[in-house]
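Comments concern the structure below.
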Amino acid sequence: MDINQVRKQFPILDQEVNGHPLVYLDSAATSQKPQSVIEALDEYYRGYNSNVHRGVHTLGTRATDGYEGAREKVRRFINANSTEEVIFTRGTTTSINTVAYSYGRNNLQEGDEIVITPMEHHSNIIPWQQTAKATGATLKYIPLQEDGTISLEDAKETITDKTKIVAMMHVSNVLGTINPIKEIASIAHDHGAIMLVDGAQSAPHMRIDVQDLNCDFFAFSGHKMGGPTGIGVLYGKKSLLKEMEPVEFGGEMIDFVGLYDSTWKELPWKFEGGTPIIAGAIGIGAAIDFLEEVGLDEIEAHEKRLAQYAMDRLQTIEGVTIYGPEDRAGLITFNLDDVHPHDVATVLDAEGIAVRAGHHCAQPLMKWLNVSATARASFYVYNTEEDIDAFVDGLQKTKEFFGDVF
Amino acid sequence: MSFNNLDQLYRQVIMDHYKNPRNKGALEGDHLTVDMNNPTCGDRIQLQLQVEDGIVQEAKFDGEGCSISMSSASMMTQAIKGKSVDEAVKMSHVFSDIMQGKDISEEMEEELGDIQALQGVSKFPARIKCATLAWKAMEKGVDEKE
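Here the protein sequences come in this chain order: B and S. Going letter by letter, the first sequence gives residues -2 to 403 in my numbering. Going letter by letter, the second sequence gives residues 353 to 498 in my numbering.
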């Protein structure tokens, strides 16, 4: 992988922020977009913008080909069995909510259990809280080990014959923990439960094979993998999706509409009510082309190298606390002495360095870490060791700055 | 942006209020309590006010947050003590004006004292919500009381 070639494809990186070259270390929040994605959206709107699945005219056919072609790219990207199992949504949140509503509310009752973990993003907690309240099911948590990982023993203890749904993030957006999804899915299946995976932080960064993971549902977002905002994917096993009711009703998702009753289109369209996210789908398709051209294995290795380099360098700064396990994905969540993470982020921003500060949509995890907030640097395909050097220098300056005023 | 701007943001008086917060803790006796969060970043404040005959007699706060939000809360409790509710709300509006970079009257400048040190925040749009958190809590509190 030629990092300079990769960086050239991200026009946004070529700018100064506050008088310094931009160092973008917030890709876990949203990634930057390669030129090819920006062009794909531009081409669609300039050249063949049209509604899909209904027009007889030429542009309509081209738009349909673009939209359904993107679905096939996604299918290949996650190795789903068929495009019937690939549903376009607004993002990971909508994907999870679709399962919580359509599957959760119709298959759960009092006495049943939903099992999640305390490290989940709010979008994989609240839908299950709501489903539990609506159905009388119980929400249970697999405890975290001290280093922020999940042990299979704890999973085996928490998941029981009463468990109907296990929902878990693949990679933690705070700790960087990579969860043993395949093993947990197997435990869930042993008890007759289904397994949903929040792949928002994994799909952009590593090769995903939903058949190998043997999960029942897999959710992810386009905007964290070089695609536009407003597009995401819900993968589901066909046997489950077939039995599920749509969540949104209206145009595009129907087969036959009578005065008092209607029937639905076949999969995957019955879950895509209304004019779909056509440009978004074409955009995520272009993002997949880009990621595959660079190579998912290359990207994963590159980010792991960066994370290791950053860990080594951060450990030389006195007063830095790093959260999460040794073996981690390409992000580092930390705190610096008594300096509040907002203040850290503001000083870094003055140096052109973008990091995230706050609770990262994981309030229960912040509570577990016993902090009110943390700062996070997250890496992607376009980041370099120089970025990390700038980040570490920025932290040194932050320390000096607050050392002076305190 | 340079470290000059940062110096403006983190004035010594702000750091002093952050390190040695005034009126931190809880009130005893009859008082009203307001909890307020900044949900995007996790800052959290609990403000307690003792209001008698339309006058803020006592004010204390507790919470967690960055230097800007906590120092602002400290300064605010100092500023509104002994003021009428109307005056306190007016000050809050003036404070919002300062955050938007607007000029204020000399008379008000005197009234605000230390609080003026927070003027530098107006150059950091992402931090304005930190500075206004305590003021919003105060406004919510006196609004509910009425």
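We treat Cβ as the ideally placed atom computed from N, Cα and C, and that holds for glycine.
Contact set between residue i and chain S, taken where Cβ atoms lie within less than 8 Å
i	result
Asp340 (chain B)	Tyr362, Cys418, Ser419, Ile420
Ala351 (chain B)	None at all; the shortest Cβ gap to chain S is about 11 Å.
Of the residues the options, the one placed nearest residue i, counting alpha carbons only
i	options	result
Cys482 (chain S)	S:Leu361, S:Asn356, S:Asn357	S:Leu361
Asn356 (chain S)	S:Lys488, S:Thr484, S:Ile480, S:Gly472	S:Gly472
Asn78 (chain B)	B:Leu210, B:Ile156, B:Tyr377, B:Gly316	B:Leu210
Gly57 (chain B)	B:Gln32, B:Tyr45, B:His188	B:Tyr45
Ser99 (chain B)	B:Arg43, B:Thr132, B:Asp187	B:Thr132
Asp390 (chain B)	B:Cys358, B:Tyr379, B:Asn380, B:Leu345	B:Leu345
Asp414 (chain S)	S:Lys497, S:Glu496, S:Gln468, S:Met490	S:Met490
Thr157 (chain B)	B:Glu249, B:Tyr138, B:Met250	B:Tyr138
Ile228 (chain B)	B:Thr91, B:Ser148, B:Gly327	B:Thr91
Asp252 (chain B)	B:Val112, B:Glu300, B:His50, B:Thr174	B:His50
Ala37 (chain B)	B:Val230, B:Pro177, B:Ala67, B:Val20	B:Ala67
Met116 (chain B)	B:Glu397, B:Ile191, B:Ile93, B:Trp365	B:Trp365
Glu397 (chain B)	B:Lys70, B:Glu269, B:His356, B:Leu333	B:Leu333
Lys376 (chain S)	S:Asp382, S:Ala425, S:Ile407	S:Ala425
Gln452 (chain S)	S:Arg479, S:Gln364, S:Glu410, S:Leu384	S:Arg479
Ser474 (chain S)	S:Thr484, S:Gly465, S:Asp466	S:Thr484
Gly355 (chain B)	B:Asp187, B:Gly52, B:Ala372	B:Ala372
Lys234 (chain B)	B:Glu143, B:Leu193, B:Gln2	B:Leu193
Val408 (chain S)	S:Gln468, S:Phe447, S:Gly434	S:Gly434
Gln393 (chain B)	B:Tyr377, B:Cys358, B:Val341	B:Val341
Leu22 (chain B)	B:Ala359, B:Leu328, B:Thr89	B:Leu328
Glu82 (chain B)	B:Ala359, B:Trp266, B:Leu136	B:Trp266
Gly282 (chain B)	B:Glu69, B:Gln2, B:Asn15, B:Val20	B:Glu69
8 Å Cβ cut-off: residues of chain B touching residue i
i	result
Arg479 (chain S)	His339, Thr343
Phe476 (chain S)	Thr343
Those residues which DSSP pairs with residue i across a bridge
i	result
Glu410 (chain S)	S:Gln402
Asp395 (chain S)	S:Asn390
Glu110 (chain B)	B:Thr135, B:Thr160
Arg373 (chain B)	B:Thr330, B:Arg353
Glu13 (chain B)	B:Pro18
Glu416 (chain S)	S:Arg396
Phe85 (chain B)	B:Val230
Asp384 (chain B)	Bridge partners of Asp384 (chain B): none, in fact.
Asp195 (chain B)	B:Met166, B:Ala216
Trp261 (chain B)	B:Ile251
Val336 (chain B)	B:Leu333
Lys376 (chain S)	S:Phe413
DSSP three-state assignment for residue i, whether helix, strand or coil
i	result
Ile175 (chain B)	strand
Ile314 (chain B)	coil
His54 (chain B)	coil
Ser218 (chain B)	strand
Ile319 (chain B)	strand
Ile279 (chain B)	helix
Leu358 (chain S)	helix
Tyr232 (chain B)	strand
Ser436 (chain S)	strand
Gly247 (chain B)	coil
Phe398 (chain B)	helix
Phe287 (chain B)	helix
Lys371 (chain S)	helix
Glu491 (chain S)	helix
Phe476 (chain S)	coil
Leu384 (chain S)	strand
Met353 (chain S)	Residue placement at Met353 (chain S) cannot be trusted, given a pLDDT of 47 that sits under 50; the coordinates are not used to answer.
Asp23 (chain B)	strand
Pro8 (chain B)	helix
Thr272 (chain B)	coil
Proximal chain B residues relative to residue i, where beta-carbon distance stays under 7 Å
i	result
Arg394 (chain S)	Rather than Arg, the amino acid found at residue 394 (chain S) in this sequence is Gly. The contacting residues are Gly355, His356, Met363, Ser369, Ala370.
Chain S residues whose Cβ lies nearer than 9 Å to that of residue i
i	result
Phe398 (chain B)	Phe355, Leu358, Asp359, Tyr362
Cutoff 8 Å: residue i Cβ touching any chain A Cβ
i	result
His369 (chain S)	Of the protein chains in the structure, B and S, none is chain A.
Decide if the segment 287 to 305 of chain B is in contact with the segment 236 to 248 of chain B; the criterion is three or more beta carbon pairs, one per stretch, under 8 Å apart.
-> no
Count the C-beta pairs between the segment 245 to 253 of chain B and the segment 121 to 131 of chain B that are closer than 8 Å, then say yes if the count reaches three, no if not.
-> no
Examine the Cβ distances between the segment 336 to 347 of chain B and the segment 300 to 313 of chain B and report whether three or more of them are shorter than 8 Å.
-> no
Hey, is the segment 294 to 305 of chain B in contact with the segment 344 to 363 of chain B, meaning 3+ C-beta pairs nearer than 8 Å?
-> no
Do the segment 158 to 168 of chain B and the segment 379 to 387 of chain B make contact, defined as three or more Cβ pairs closer than 8 Å?
-> no
Should the segment -2 to 10 of chain B be called in touch with the segment 19 to 33 of chain B, which here means at least 3 C-beta pairs below 8 Å?
-> yes
Counting Cβ pairs closer than 8 Å, one from the segment 370 to 379 of chain S and one from the segment 415 to 428 of chain S, do we hit at least three?
-> yes
Touching or not, the segment 398 to 412 of chain S and the segment 449 to 462 of chain S, by the rule of three or more beta carbon pairs under 8 Å?
-> no
Would you say the segment 165 to 174 of chain B touches the segment 189 to 199 of chain B, given that touching needs at least three Cβ pairs under 8 Å?
-> yes
Would the segment 381 to 397 of chain S and the segment 427 to 447 of chain S be scored as touching if the rule is three or more Cβ pairs under 8 Å?
-> no
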